[in-house]
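Worksheet for the structure shown next.
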Amino acid sequence: MMTATTETVRSAAPQTGSPEENGARAGLYALLSHLFHSRPDAQLLQQLAASESLIENESAALGSSWRALCAAARSTDAEAAAKQFDALFVSPGQPAVSLYASSYMSGRRRGQLLAELRDDLAALGYARSEDSTEYEDHLAALFDVMRGLITDEAQDPEAFARQREFFQAYVAPWTSRLFEKVAAASADAELYRRAAGFADAFITHETQYFDLT
Numbered sequence: 008m009m010t011a012t013t014e015t016v017r018s019a020a021p022q023t024g025s026p027e028e029n030g031a032r033a034g035l036y037a038l039l040s041h042l043f044h045s046r047p048d049a050q051l052l053q054q055l056a057a058s059e060s061l062i063e064n065e066s067a068a069l070g071s072s073w074r075a076l077c078a079a080a081r082s083t084d085a086e087a088a089a090k091q092f093d094a095l096f097v098s099p100g101q102p103a104v105s106l107y108a109s110s111y112m113s114g115r116r117r118g119q120l121l122a123e124l125r126d127d128l129a130a131l132g133y134a135r136s137e138d139s140t141e142y143e144d145h146l147a148a149l150f151d152v153m154r155g156l157i158t159d160e161a162q163d164p165e166a167f168a169r170q171r172e173f174f175q176a177y178v179a180p181w182t183s184r185l186f187e188k189v190a191a192a193s194a195d196a197e198l199y200r201r202a203a204g205f206a207d208a209f210i211t212h213e214t215q216y217f218d219l220t
């Protein structure tokens, strides 16, 4: 999806979050990026189904929505998950739910938003992968950048500030509306309704994390 185009300047500096916390955050961004980028395969569903204890000590909303997502993964096979993905996000015309930030950020024309986003990505050292078929404002691509910025934080003292700025500019302003649309789009899409519920709780958790640090 997204590729680092430059090597980050490294220096020995402490992380804002602990290595364990940042590792978990990066892993959750990676998981959500995968779920909203393409049809989940059987291996991903099995791994998700077996990960219920990962967030057991977190806040009620985050923990309960995570357990609901894991339970949905246990009861959904790859074929059913693919049908849900296609029904929501794939269409020869207009899909039921758009996964692009420019569809939700009112007052920002698509071309203007993409131009600004591409400039900011270039400044961060990221660009769309050559084999990617999605624009840079796709939810999965933005989550992939967040994952990379969190990983950078381990050795770069300025990475946290860049991470927070990118989140506040390109993730926080619109994702709650997307997740509401996913949750309301289809009563049959249990896996993705639960994925949207967890993603919404996770972004709320991230917003509070950035506000408090």
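Convert by adding 7 to the 1-based position in the sequence shown; the result is the number in our numbering.
Ideal Cβ positions, reconstructed from N, Cα and C, are used throughout, including at glycine.
Item, Value
"In the segment 101-133, which residue ranges form an unbroken alpha helix (DSSP H) of at least 4 residues, counting only runs that do not cross its ends?", "117-131"
"What is the C-beta distance between A202 and L42, in whole angstroms, given that I count them as a contact (C-beta under 8 Å)?", "5 Å"
"Tell me, to the nearest whole angstrom, how far the beta carbon of F104 is from that of A192; I am working on the premise that it is less than 8 Å.", "Before going on, a small fix: residue 104 reads as Val here, not Phe. Correct: roughly 5 Å between the Cβ atoms."
"Return the CA-CA distance between E63 and F217, expressed in angstroms with no decimal places.", "22 Å"
"What first and last residue would you give for the alpha helix (DSSP H) that runs through Y142?", "Segment: none, Y142 is in no alpha helix (DSSP H) and carries neither H nor E."
"Runs of 3 residues minimum, wholly inside the segment 138-189: which ones carry the beta strand (DSSP E) assignment?", "none"
"Spatial neighbours of A89 within its chain, please: CB distance less than 7 Å, with the 5 preceding and 5 following residues excluded, ordered by chain position.", "R46"
"Identify whether R135 lies in helix, strand or coil by the three-state DSSP scheme.", "strand"
"Hey, A176 and T214: beta-carbon distance below 8 Å or not?", "no"
"Identify whether T214 lies in helix, strand or coil by the three-state DSSP scheme.", "helix"
"For P47, which three-state DSSP category applies?", "coil"
"Taking the alpha-carbon of Q91 as reference, which of A37, A196, R184 and F174 has the nearest alpha-carbon?", "A196"
"Quick one, which of L38, N29 and E28 has its alpha-carbon nearest A206's?", "L38"
"Leaving out the 5 sequence neighbours to the left and right, which residues in its chain are closer than 7 Å to F174 when beta-carbon positions are compared?", "M153, E213 and F217"
"Would the segment 48-58 count as touching the segment 80-89 if we require 3 or more Cβ pairs under 8 Å?", "yes"
"Cβ atoms of A56 and C77: under 8 Å apart, would you say?", "yes"
"Rounded to whole angstroms, what is the Cα-Cα separation between E141 and A148?", "8 Å"
"Considering only C-alpha positions, which residue in the set K188, E137, G132 and Y199 is nearest to A166?", "G132"
"So the alpha helix (DSSP H) D93 belongs to, where does it begin and stop?", "A85 to F96"
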